[in-house]
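Just below is one structure, and these are the notes that go with it.
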Amino acid sequence: MVTIEQYRRICAKWTGDPEEFSWLVEHGDIVGFSQRAIADEFEFAPSTVSRWAAGEALPHKRIQKLVIGGLEKKARRLENAAANATTLPGKTHSHEPS
């Protein structure tokens, strides 16, 4: 299983590899960015994004960079939210035995 942090790193290191692009689009749900959401965000038909995910088609490199940037941004937001999350009142997490 890929973590949000690992996914973000893959996005950040993306160098234009088409197979990696397809994988990132296919697994955008890791960061809550479904193929439908990608289609809506970038104004493409869901069937087009589905073909990207399957490796059957690719958008222009400029569009690929925008999509990967959006996926990375979403992953970064989730990472930051998790890092800044607070515990519920009255709940403490201690690693020391009771």
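Reminder that position 42 of the sequence shown reads as 42 in the numbering used here, one-by-one numbering, no gaps.
Just so it is clear, CB atoms sit at the ideal spot from N, CA and C, and this is done for glycine as well.
- Under the DSSP assignment, ILE38 falls in the alpha helix (DSSP H) whose first and last residues are 35-42.
- Taken through DSSP and simplified to helix, strand or coil, LYS13 comes out as coil.
- When the Cα atoms are used, LEU78 and ILE10 turn out to be separated by approximately 15 angstroms.
- The beta-carbon distance between PHE33 and LEU71, rounded to whole angstroms, is 6 angstroms. This is short enough to meet the 8 angstroms contact definition.
- By the Cβ-count criterion, ALA83 is exposed, with fewer than 16 other Cβ atoms from all chains shown falling within 10 Å of its own Cβ.
- In the DSSP assignment, GLU56 falls outside any alpha helix (DSSP H) and carries neither an H nor an E.
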